[in-house]
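Asker: My questions all concern the structure below.
Number of protein chains: 2
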Amino acid sequence: MHTRTAGELRAENIGEEVTLTGWVWRRRDHGGLIFCDLRDRTGMTQCTFDPEHAQGSAFHTAETMRPEWPILVHGTVIARDAETVNPKLPTGEIEVLVDHIEVLGRSKTPPFQIEDGIETAEDTRLRYRYLDLRRPEMAEKLKLRSDFTFAIRSALHNRAFTEVETPALFKSTPEGARDFIVPSRLQPGSFYALPQSPQLLKQLLMVGGVERYYQVAKCFRDEDLRADRQPEFTQVDIEMSFVDQDDVMGALEDVLADAFAQVGVEMPTPLRRINYWDAMDTYGSDKPDTRFGMHLVDLTDVFKGSKFKVFSGAANTEGHVVKAINAKGAGTWPRAQIDKLAKVAESFGAKGLAWIAFREDGSMNSPIVKFFSDEEMAELKSRCDVEPGDLVMFAAGPRLASDEILGGMRSHMADALGIECEGHDFLWVVDFPLFHWDDDAKRYEAEHQPFTLPHVDQLDLLETNPLAMGSCTYDFVMDGFEAGGGGMRIHDAELQLKMLEFMGFTEERAKEQFGFLMEALTFGAPPMGGFALGLDRVCMLLAGSDSIRDVMAFPKTSSGSDLMSGAPSAVSLGQLKEVSLRLM
Amino acid sequence: MHTRTAGELRAENIGEEVTLTGWVWRRRDHGGLIFCDLRDRTGMTQCTFDPEHAQGSAFHTAETMRPEWPILVHGTVIARDAETVNPKLPTGEIEVLVDHIEVLGRSKTPPFQIEDGIETAEDTRLRYRYLDLRRPEMAEKLKLRSDFTFAIRSALHNRAFTEVETPALFKSTPEGARDFIVPSRLQPGSFYALPQSPQLLKQLLMVGGVERYYQVAKCFRDEDLRADRQPEFTQVDIEMSFVDQDDVMGALEDVLADAFAQVGVEMPTPLRRINYWDAMDTYGSDKPDTRFGMHLVDLTDVFKGSKFKVFSGAANTEGHVVKAINAKGAGTWPRAQIDKLAKVAESFGAKGLAWIAFREDGSMNSPIVKFFSDEEMAELKSRCDVEPGDLVMFAAGPRLASDEILGGMRSHMADALGIECEGHDFLWVVDFPLFHWDDDAKRYEAEHQPFTLPHVDQLDLLETNPLAMGSCTYDFVMDGFEAGGGGMRIHDAELQLKMLEFMGFTEERAKEQFGFLMEALTFGAPPMGGFALGLDRVCMLLAGSDSIRDVMAFPKTSSGSDLMSGAPSAVSLGQLKEVSLRLM
Numbered sequence: 001m002h003t004r005t006a007g008e009l010r011a012e013n014i015g016e017e018v019t020l021t022g023w024v025w026r027r028r029d030h031g032g033l034i035f036c037d038l039r040d041r042t043g044m045t046q047c048t049f050d051p052e053h054a055q056g057s058a059f060h061t062a063e064t065m066r067p068e069w070p071i072l073v074h075g076t077v078i079a080r081d082a083e084t085v086n087p088k089l090p091t092g093e094i095e096v097l098v099d100h101i102e103v104l105g106r107s108k109t110p111p112f113q114i115e116d117g118i119e120t121a122e123d124t125r126l127r128y129r130y131l132d133l134r135r136p137e138m139a140e141k142l143k144l145r146s147d148f149t150f151a152i153r154s155a156l157h158n159r160a161f162t163e164v165e166t167p168a169l170f171k172s173t174p175e176g177a178r179d180f181i182v183p184s185r186l187q188p189g190s191f192y193a194l195p196q197s198p199q200l201l202k203q204l205l206m207v208g209g210v211e212r213y214y215q216v217a218k219c220f221r222d223e224d225l226r227a228d229r230q231p232e233f234t235q236v237d238i239e240m241s242f243v244d245q246d247d248v249m250g251a252l253e254d255v256l257a258d259a260f261a262q263v264g265v266e267m268p269t270p271l272r273r274i275n276y277w278d279a280m281d282t283y284g285s286d287k288p289d290t291r292f293g294m295h296l297v298d299l300t301d302v303f304k305g306s307k308f309k310v311f312s313g314a315a316n317t318e319g320h321v322v323k324a325i326n327a328k329g330a331g332t333w334p335r336a337q338i339d340k341l342a343k344v345a346e347s348f349g350a351k352g353l354a355w356i357a358f359r360e361d362g363s364m365n366s367p368i369v370k371f372f373s374d375e376e377m378a379e380l381k382s383r384c385d386v387e388p389g390d391l392v393m394f395a396a397g398p399r400l401a402s403d404e405i406l407g408g409m410r411s412h413m414a415d416a417l418g419i420e421c422e423g424h425d426f427l428w429v430v431d432f433p434l435f436h437w438d439d440d441a442k443r444y445e446a447e448h449q450p451f452t453l454p455h456v457d458q459l460d461l462l463e464t465n466p467l468a469m470g471s472c473t474y475d476f477v478m479d480g481f482e483a484g485g486g487g488m489r490i491h492d493a494e495l496q497l498k499m500l501e502f503m504g505f506t507e508e509r510a511k512e513q514f515g516f517l518m519e520a521l522t523f524g525a526p527p528m529g530g531f532a533l534g535l536d537r538v539c540m541l542l543a544g545s546d547s548i549r550d551v552m553a554f555p556k557t558s559s560g561s562d563l564m565s566g567a568p569s570a571v572s573l574g575q576l577k578e579v580s581l582r583l584m
Numbered sequence: 001m002h003t004r005t006a007g008e009l010r011a012e013n014i015g016e017e018v019t020l021t022g023w024v025w026r027r028r029d030h031g032g033l034i035f036c037d038l039r040d041r042t043g044m045t046q047c048t049f050d051p052e053h054a055q056g057s058a059f060h061t062a063e064t065m066r067p068e069w070p071i072l073v074h075g076t077v078i079a080r081d082a083e084t085v086n087p088k089l090p091t092g093e094i095e096v097l098v099d100h101i102e103v104l105g106r107s108k109t110p111p112f113q114i115e116d117g118i119e120t121a122e123d124t125r126l127r128y129r130y131l132d133l134r135r136p137e138m139a140e141k142l143k144l145r146s147d148f149t150f151a152i153r154s155a156l157h158n159r160a161f162t163e164v165e166t167p168a169l170f171k172s173t174p175e176g177a178r179d180f181i182v183p184s185r186l187q188p189g190s191f192y193a194l195p196q197s198p199q200l201l202k203q204l205l206m207v208g209g210v211e212r213y214y215q216v217a218k219c220f221r222d223e224d225l226r227a228d229r230q231p232e233f234t235q236v237d238i239e240m241s242f243v244d245q246d247d248v249m250g251a252l253e254d255v256l257a258d259a260f261a262q263v264g265v266e267m268p269t270p271l272r273r274i275n276y277w278d279a280m281d282t283y284g285s286d287k288p289d290t291r292f293g294m295h296l297v298d299l300t301d302v303f304k305g306s307k308f309k310v311f312s313g314a315a316n317t318e319g320h321v322v323k324a325i326n327a328k329g330a331g332t333w334p335r336a337q338i339d340k341l342a343k344v345a346e347s348f349g350a351k352g353l354a355w356i357a358f359r360e361d362g363s364m365n366s367p368i369v370k371f372f373s374d375e376e377m378a379e380l381k382s383r384c385d386v387e388p389g390d391l392v393m394f395a396a397g398p399r400l401a402s403d404e405i406l407g408g409m410r411s412h413m414a415d416a417l418g419i420e421c422e423g424h425d426f427l428w429v430v431d432f433p434l435f436h437w438d439d440d441a442k443r444y445e446a447e448h449q450p451f452t453l454p455h456v457d458q459l460d461l462l463e464t465n466p467l468a469m470g471s472c473t474y475d476f477v478m479d480g481f482e483a484g485g486g487g488m489r490i491h492d493a494e495l496q497l498k499m500l501e502f503m504g505f506t507e508e509r510a511k512e513q514f515g516f517l518m519e520a521l522t523f524g525a526p527p528m529g530g531f532a533l534g535l536d537r538v539c540m541l542l543a544g545s546d547s548i549r550d551v552m553a554f555p556k557t558s559s560g561s562d563l564m565s566g567a568p569s570a571v572s573l574g575q576l577k578e579v580s581l582r583l584m
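From first to last, the protein sequence lines are chains A and B.
According to UniProt numbering, the first sequence is numbered sequentially starting from 1.
According to UniProt numbering, the second sequence is numbered sequentially starting from 1.
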């Protein structure tokens with residue numbers, strides 16, 4: 001319908017006859033003329049209606065038009081007067097003098113302004129998502145997502161990966177999160193499950209000889225939705241066979257660097273690799289943002305003889321530590337503000353928070369410092385590089401728990417202090433422990449997933465110290481977020497069964513849930529490993545957003561509702577009866 | 001792990017040291033040597049173990065290896081003896097003299113041969129799909145699908161289409177097929193539905209200003225599965241706004257031609273467009289294969305005065321016809337074989353089948369020819385271009401029903417006669433009727449879908465002759481299959497409501513199901529239209545397969561079962577209770 005887009009006209013187009021389509025954005029009447037900013041997805045062009053120039057009823061039609069009406073205009077590109085040139089706008093040197101207009105539709109007054117940076121409640125934006133998406137900043141985010149998705153597909157396709165679609169209606173194998181279940185009408189009483197990931201299917205594809213697989217896969221988890229989770233999300237799913245871990249990680253770095261480069265982001269390779277325990281030790285996180293310091297400092301040896309029993313107790317207990325971080329600048333905070341940090345620390349599992357504020361005047365403010373010896377204080381200051389204005393915070397207790405508390409505080413303080421991070425931060429965290437202890441279920445659970453290959457030289461630790469067992473795993477960390485995760489897989493049926501049994505599966509239950517996988521592993525499964533990239537999260541980070549909802553066209557609320565369509569909703573009794581179900 | 005693939009070695013690689021990985025395909029022991037055909041996804045290389053050459057225990061290891069074991073070999077590329085060169089094999093000039101072998105896994109004896117062209121029952125192949133996919137012909141089909149999918153994505157991306165992911169958990173709007181429903185745990189008693197297509201969502205994206213959208217979208221229909229339907233299937237979903245029908249069809253031709261060209265298939269543009277009624281008239285099908293003739297011939301006027309009452313009755317009834325097709329070659333069939341055609345015709349809605357076999361000796365065999373006058377026979381022979389050996393079949397009755405019977409017979413006879421079709425056949429069938437009459441529901445139903453734009457100059461026919469109303473629609477027909485379908489959409493809320501009401505929706509039900517769409521249309525919806533390409537079917541045709549199951553990695557049976565994983569399966573009472581359901 002149009003010959004040009006609203007974003008592309010420049011001074012060199014002056015004199016050209018054009019047809020444009022788009023929405024009336026703003027309309028101004030001035031000096032007997034009507035000015036209309038016409039918006040399409042590429043940008044905006046000022047269209048001018050002059051009663052002397054407009055043909056037939058065009059000027060009259062222009063008088064009736066309202067914001068958000070879709071229109072078509074035909075006219076001539078002319079130069080703007082010098083004083084009305086808008087240097088901020090790509091099309092700011094020109095306008096279109098309209099001779100003809102066609103109204104393509106009409107619009108009620110939208111419930112919010114179609115503008116960037118609006119303060120409208122998110123629920124309203126979700127209710128009228130189709131209007132929200134008209135806002136240029138939202139349109140740009142959708143486009144960025146499309147571009148990055150295409151970039152990573154291209155990077156994979158060009159490296160001889162085969163895209164394979166795996167089924168969405170699959171078997172319920174509840175572990176980790178809850179499955180969404182789908183009743184079968186043809187087999188009453190039976191259910192499909194929507195996949196939490198294509199993990200099992202991609203391993204079967206490796207058994208099937210695909211060798212290099214990828215898929216941009218919709219995944220489903222019926223979890224209680226935390227602030228930034230969605231019941232359905234998308235991952236770029238990758239798997240390779242006849243490979244070792246370095247093969248996979250090298251291929252992934254190559255693919256990711258290519259994809260990021262295509263959207264203008266440089267990811268230098270080879271990526272840094274940080275061992276899981278080192279990451280916990282230094283950053284208190286298995287997904288550290290390394291663009292700023294505030295490292296965790298180990299002071300265990302310093303406080304072995306301390307009069308402060310909380311510290312000396314920890315320092316003298318096997319597996320416990322005393323550690324600290326130094327939040328530079330927060331030492332000037334008023335006492336009341338510092339006191340609130342205890343609550344924050346509690347949210348990361350602490351029972352309280354020990355701290356020392358080093359005031360600018362050289363004094364100290366702290367509930368605990370009175371217990372410290374001069375030597376302890378001197379060593380603390382030295383190791384933590386203390387200067388006036390610093391706030392040192394402590395954690396004392398079991399190593400991992402202490403690291404997690406300080407890791408949480410490190411992130412919190414970086415936000416609170418407004419530490420600016422330039423560019424993006426990419427790294428691998430590798431060699432996660434194979435298991436963690438689930439205190440609710442009273443059993444060992446897989447840290448990554450039950451199909452992860454252990455460090456095979458540590459298999460004897462299974463009997464003696466399973467928590468010390470490492471795994472062939474690698475998480476891709478971007479800007480302090482877990483942006484992807486991967487690992488090598490068990491490709492031996494016996495080892496797989498042994499691992500499942502160790503995690504509390506009876507042989508019967510293991511076979512019921514994963515029998516088809518274990519059977520497949522008896523038919524010559526090759527060594528294999530892979531990866532899944534959290535597409536929503538990566539796009540969120542690329543877009544500079546703080547919620548994955550911003551990079552999804554139609555996200556759901558934290559109760560799983562689509563406010564626009566009203567889903568989920570009641571279904572008819574007939575629909576339920578067809579699948580042999582009734583409501584409880 | 002490997003330095004080369006098993007498909008790439010040629011004479012010029014002779015002397016090279018290589019590491020290969022793959023599966024043991026065939027193993028032969030001959031003259032004190034062991035020969036192993038090593039297969040990976042790129043091809044096959046013969047690996048030779050010579051006890052004089054193999055290092056350490058390599059020869060001994062080779063003695064243990066069995067078919068389908070994954071192995072790694074290291075060795076030197078050498079020339080085959082002149083008499084063992086295999087010109088049929090790309091790697092047939094060379095072999096690899098192995099010095100080292102590593103067994104990467106072991107395999108039980110597979111339940112069927114990993115070979116092309118096996119006769120194994122499909123259920124067995126589906127049960128062990130991971131073994132079935134190792135067969136080169138299946139691997140090639142998966143690769144073709146991946147390549148074509150990437151090709152069409154590229155074609156769209158390069159034309160400034162934006163890929164947008166729409167939700168899989170959406171609102172149940174049952175119409176057309178049944179929805180799969182998904183109970184919500186967070187909102188007990190409420191259900192999501194898996195989308196039958198992203199139709200409503202893509203229209204909302206147009207209201208949202210996306211302008212050019214695409215998605216390779218998983219779609220779900222809970223139908224009784226006919227031979228070649230699947231509960232989930234994939235369509236390339238496309239929508240454009242600020243366009244007229246020629247804009248959309250032109251853009252689609254351009255995209256499709258580009259995508260087909262990337263997989264080596266020429267689709268000449270502009271595509272032929274056949275009006276729906278012309279297609280029915282000439283081919284008795286709205287998805288004709290035009291690579292062969294056997295056109296429907298209208299003989300209504302010929303039999304107006306016929307003594308054969310079945311024909312003259314139809315010929316003198318308004319809206320009824322007498323038509324015929326000429327199946328050349330079938331006139332030599334024995335009577336018993338011809339008689340069986342009546343059953344076939346019945347499957348297309350006929351009550352019986354009138355026919356004339358013109359024997360090679362000039363005689364005629366027919367139950368009805370005795371009623372024909374000489375003039376009728378002469379005119380019949382002339383219009384149907386009758387020669388000895390032809391079989392002419394008739395249909396007499398309502399126009400559309402008669403066309404459909406003969407269209408069905410035309411396809412059947414083309415198969416039965418083994419008519420060879422060269423290359424692919426692409427065309428548009430356009431201007432479908434807006435409605436058909438549903439005799440079960442006793443109401444008009446949308447021929448395409450309820451959101452299709454009618455021919456706006458025919459809106460007055462709604463009152464007088466709705467079945468004569470045309471619609472702005474276009475089906476993409478490939479090799480006699482409906483490979484895609486599209487249309488312009490209603491972008492006016494009032495017209496949309498009017499159409500839904502005409503199709504028997506109360507205003508209340510229309511608003512309950514489609515209120516969010518109609519509300520969106522009140523906020524300045526632009527003119528829009530789009531398309532959906534049936535990816536499974538197109539890939540099936542490109543692969544030369546006769547079932548879409550061949551181009552899906554993990555298809556389901558006609559009862560909706562995944563024979564490999566056992567889905568669908570029972571779920572625990574706990575899982576049901578969490579979603580407040582019980583079995584009936």
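The beta-carbon is built from N, C-alpha and C at its ideal position, and this holds for glycine as well.
1. Can you confirm whether Asp247(A), when its beta carbon is compared against all beta carbons of chain B, has any partner nearer than 9 Å?
2. Taking 9 Å as the threshold (C-beta atoms), are Asp99(B) and Ala58(B) in contact?
3. For the candidate residues Ser565(B), Ser285(B), Asp492(B), whose alpha-carbon lies nearest to that of Val430(B)?
4. Short of 7 Å in beta carbon distance, which residues of its chain neighbour Asp281(B), apart from the five on each side in sequence? Order them along the chain.
5. Going along chain B in order, which residues have a C-beta closer than 7 Å to the C-beta of Ala580(A)?
6. Measuring CA to CA, which of Met249(B), Glu232(B), Leu521(B), Lys498(B) is closest to Phe554(B)?
7. Kindly indicate if chain B contains any beta-carbon less than 9 Å away from that of Tyr474(A).
8. Just to check my reading of the structure: Phe481(B) and Arg537(B) have Cβ atoms closer than 8 Å, yes? What is that Cβ distance to the nearest angstrom?
9. Which residues in chain B sit within 8 Å of Arg187(A), going by Cβ to Cβ distance?
10. Does the CB of Arg153(A) have a neighbour CB from chain B at under 9 Å?
11. Using the beta-carbon of each residue, which ones in chain B are nearer than 8 Å to Thr506(A)?
12. With a threshold of 9 Å between beta carbons, is His448(B) in contact with chain A?
13. Just checking my contact of Leu97(B) with Asp50(B) at CB under 8 Å: how many whole Å lie between their CB atoms?
14. Can you check whether the CB of Leu200(A) is closer than 9 Å to the CB of Leu497(A)?
15. According to the neighbour-count rule (16 or more other Cβ atoms, all chains shown, within 10 Å of its Cβ), is Thr64(A) buried or exposed?
16. Helix, strand or coil, according to DSSP, for Arg129(B) in the structure here?
17. Does the CB of Gln235(A) have a neighbour CB from chain B at under 9 Å?
18. Going by the CB atoms, is the gap between Pro70(A) and Gly43(A) shorter than 9 Å?
Answerer: In brief:
1. yes
2. yes
3. Ser285(B)
4. Leu296, Asp403
5. One point to set straight first is that residue 580(A) is Ser, not Ala, in the sequence displayed. Per Cβ cutoff of 7 Å: Leu583, Met584.
6. Glu232(B)
7. no
8. 6 Å
9. Checking the sequence, you will find Gln at residue 187(A) rather than Arg. Those are Ser559, Gly560, Ser561, Pro568, listed as they occur along chain B.
10. yes
11. Per Cβ cutoff of 8 Å: no residues; Thr506(A) is ~15 Å from chain B at best.
12. no
13. 6 Å
14. no
15. exposed
16. helix
17. no
18. no
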